[in-house]
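16 is the number of the first residue of the sequence shown in the working numbering; add one for each residue after it.
The C-beta atom is built at its ideal place from N, Cα and C for all residues, glycine as well.
From a predicted model like this one, the values you see are computed outputs, not experimental measurements.
Notes follow the structure.
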Amino acid sequence: MIKIRLALNGAKKKPFYNIIVTDKRNPRNGRFIEKIGFLNSITKNKKKNIKINMERLKYWKKTGAKLSKRLEHSMKKINNK
């Protein structure tokens with residue numbers, strides 16, 4: 016099963032996440048199929064900085080990929096603003 020989820024990058028207490036498409040059996044920071052964006056939850060102005068290639072997101076969702084719960088929650092928060 017294909018999942019769209021966050022892969023942790025960054026340093027201690029400064030998380031930075033890549034939004035990746037991967038098989039759900041792969042480890043969090045392991046091998047992935049495609050990187051489709053990023054999420055920076057810690058910025059100077061206290062806003063979440065998120066960038067996603069929406070065309071690729073729609074493509075992967077059409078092929079049956081599922082969003083992780085945390086990514087789904089972040090997307091809903093951003094869409095409500």
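Taking the CA atoms as reference points, Tyr32 sits about 17 Å from Lys92. Residue environment analysis places Leu54 among the buried positions, since at least 16 neighbouring C-beta atoms fall within 10 angstroms of its C-beta.
Sequence-distant partners of Asn24 (beyond 5 residues in either direction) whose C-beta falls short of 7 Å from its own C-beta, in its chain, are Phe31, Tyr32 and Asn33. Non-local C-beta neighbours of Met16 in its own chain, meaning closer than 6 Å and more than five positions away in sequence, comprise Lys39, ordered along the chain. Per DSSP, reduced to three states, the secondary structure at Lys50 is strand.
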